Amino acid sequence: MVAETRIFHTPALLKEVIGFMEPSKGKKYIDCTLGEGGLSEAITLKGASVLALEADPQMLPVAAQRLKGTGPDAEYKLVQGNFSALRDIAKHEKFESVDGIILDLGLSSRQLQFEQRGFTFQQNQPLDMRYDPQQPVTAADILNDMPEEELIDMLITFAEEERWAAKNIAKAIIANRPISTTLDLVESVEIAVGKRTSSRIHPATRVFMGLRIVVNADLQSLELALPQALELLKPGGKLLVIGYQSLEDRIVKQFLKTEATDCICPTIQIECNCNHKASVKLVRKGVVTPSLDEISQNPASRSCLLYTSPSPRDGLLSRMPSSA
Numbered sequence: 018m019v020a021e022t023r024i025f026h027t028p029a030l031l032k033e034v035i036g037f038m039e040p041s042k043g044k045k046y047i048d049c050t051l052g053e054g055g056l057s058e059a060i061t062l063k064g065a066s067v068l069a070l071e072a073d074p075q076m077l078p079v080a081a082q083r084l085k086g087t088g089p090d091a092e093y094k095l096v097q098g099n100f101s102a103l104r105d106i107a108k109h110e111k112f113e114s115v116d117g118i119i120l121d122l123g124l125s126s127r128q129l130q131f132e133q134r135g136f137t138f139q140q141n142q143p144l145d146m147r148y149d150p151q152q153p154v155t156a157a158d159i160l161n162d163m164p165e166e167e168l169i170d171m172l173i174t175f176a177e178e179e180r181w182a183a184k185n186i187a188k189a190i191i192a193n194r195p196i197s198t199t200l201d202l203v204e205s206v207e208i209a210v211g212k213r214t215s216s217r218i219h220p221a222t223r224v225f226m227g228l229r230i231v232v233n234a235d236l237q238s239l240e241l242a243l244p245q246a247l248e249l250l251k252p253g254g255k256l257l258v259i260g261y262q263s264l265e266d267r268i269v270k271q272f273l274k275t276e277a278t279d280c281i282c283p284t285i286q287i288e289c290n291c292n293h294k295a296s297v298k299l300v301r302k303g304v305v306t307p308s309l310d311e312i313s314q315n316p317a318s319r320s321c322l323l324y325t326s327p328s329p330r331d332g333l334l335s336r337m338p339s340s341a
C-alpha cells in the first residue's frame, strides 16, 4: 500500500517573517495561530523552540504530521487554545520571556476543506463556523435568534456592508428563518442584493467573513492577545502580526501606535497627565506586503499585511534619559 502524501500550504510572507524573527538555536517563539504548522516548522528548522497554539482541534493532527518532518531533535509543543488566553497558556507551559511572537490571523485554507464546518459556501454545509466545537454558539444560532436591528448592526460593523445592503440582507434572513445551512444563507443574501455585483467577489463573501468573526469573537481575542504578547516578550523580542482585512488592520495599527508613544493625551490638551510610557519601538513604519511573485504562487496572500514591532521594555527604553 502506498502511503498518503499530504501537500501542505506555504504560509504567506514566510520569508519575511523568518527574516524579521531571526530564529536560531536557544531562542524561544510562540506561534499563536498554528494552522497547518508552516510557521512553526520554519522556526524549528532553524533550531529554535516553539510553543504553538491552535483553537481548532481538527487542525492539530494536521500540524503534528507536518512537524514530524522537522526531526527528532526539534523542540515544539502544540496546544489547543485560543490566543485570547495567551498569558495563561504560556505560564502553564512554562514558556515565558520569549524572543518572538507571531499571529497569522487568516483562516487556514485547510479549514475551508473540512466538511460540516460551514466556513465556505462552495459546498452546502451546516452553518457552524466555530473554530472550537466546544463553543456554545454557532453561526446558525446567531442568524436565527438575533433581532433584526442587531443583525443590521452586525452586518454593517463586521461584514462592512453598506446600510441599505445590511437592511435588505437582515430582512431576507428573517423571512427565510430557520437558516440552517450555508446554502440557506447564500440564498438569503442573493435575494437581498442579487447574485452578482460588479465585483468578482460573490456578494455573500463579506457576510460569511463577518459572521465568522462574530461567532469566534476574533476581534475581541485579538484585542486581548496583543498586550499579553508584549508582556511575554523579553527585551528586544519581536511581535509580528499578519492581518487580512480592515477590522484587524485598525486594531493592530492603533495598538502599535499607542504602545510606541509616550504621551497619549488628546492633542488639544496642553499638559500631559496620562503617565503613559512607550513599551515598544517599531521596526519600520508602514507594513510589509507580499511580492508579486508570492501572489502569483499563492493568490490568497494578496490581501495580507505584516506588522512588525520589537519590545525593548526593560532594555532600550529603560536606559533612555528620563527626559526622553
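Heads up, the sequence shown is in the numbering used here, so the first residue is 18 and it goes up one at a time. C-beta atoms are modelled at their ideal positions from N, C-alpha and C, and glycine is treated no differently. Computed from a prediction, not measured in an experiment: that's the story for all the values here.
Item, Value
"State the start and end residues of the unbroken beta strand (DSSP E) segment that holds residue 285.", "Where residue 285 is concerned, there is no enclosing beta strand (DSSP E), given that its DSSP letter is neither H nor E."
"Ignore the nearest five residues each way along the sequence and tell me which others in residue 279's own chain have a CB closer than 7 Å to its CB.", "293, 294, 295"
"Using alpha carbons as the reference points, say which of 304, 290, 120 lies closest to residue 423.", "In the structure as shown, the chain begins at 18 and stops at 341. Residue 423 is therefore absent and cannot be evaluated."
"Please decide whether residue 191 counts as near chain C, where near means a Cβ-Cβ distance under 8 Å.", "Protein chains in the displayed structure number just one, and chain C is not present."
"Nearest-angstrom Cα distance between residue 262 and residue 109?", "32 Å"
"Which first and last residues belong to the beta strand (DSSP E) in which residue 70 is found?", "66–71"
"Assign residue 188 to one of three DSSP states: helix, strand, or coil.", "helix"
"Can you give me the Cβ contacts of residue 75 inside the same chain, cut-off strictly under 7 Å, excluding the 5 residues immediately before and after it?", "131"
"Applying the criterion that 16 or more other CB atoms from any shown protein chain within 10 Å of the CB defines a buried residue, is residue 153 buried or exposed?", "exposed"
"Could you give the residue range of the beta strand (DSSP E) that holds residue 78?", "From DSSP, residue 78 is part of no beta strand (DSSP E) but of the alpha helix (DSSP H) over 77–84."
"Starting from the Cα of residue 103, find the closest Cα among 242, 255, 256, 268 and give me that residue.", "242"
"Buried or exposed for residue 194, please, with buried defined as at least 16 other CB atoms from any protein chain shown within 10 angstroms of its CB.", "exposed"
"Looking at C-alpha atoms only, which residue of 41, 139, 140, 255 is the closest neighbour of residue 59?", "41"
"Among 227, 95, 86, which residue has its Cα nearest to the Cα of residue 8?", "This structure gives no information on residue 8, because the portion of the chain shown stretches from 18 to 341."
"Assign residue 259 to one of three DSSP states: helix, strand, or coil.", "strand"
"Less than 8 Å between the beta carbons of residue 35 and residue 256, yes or no?", "no"
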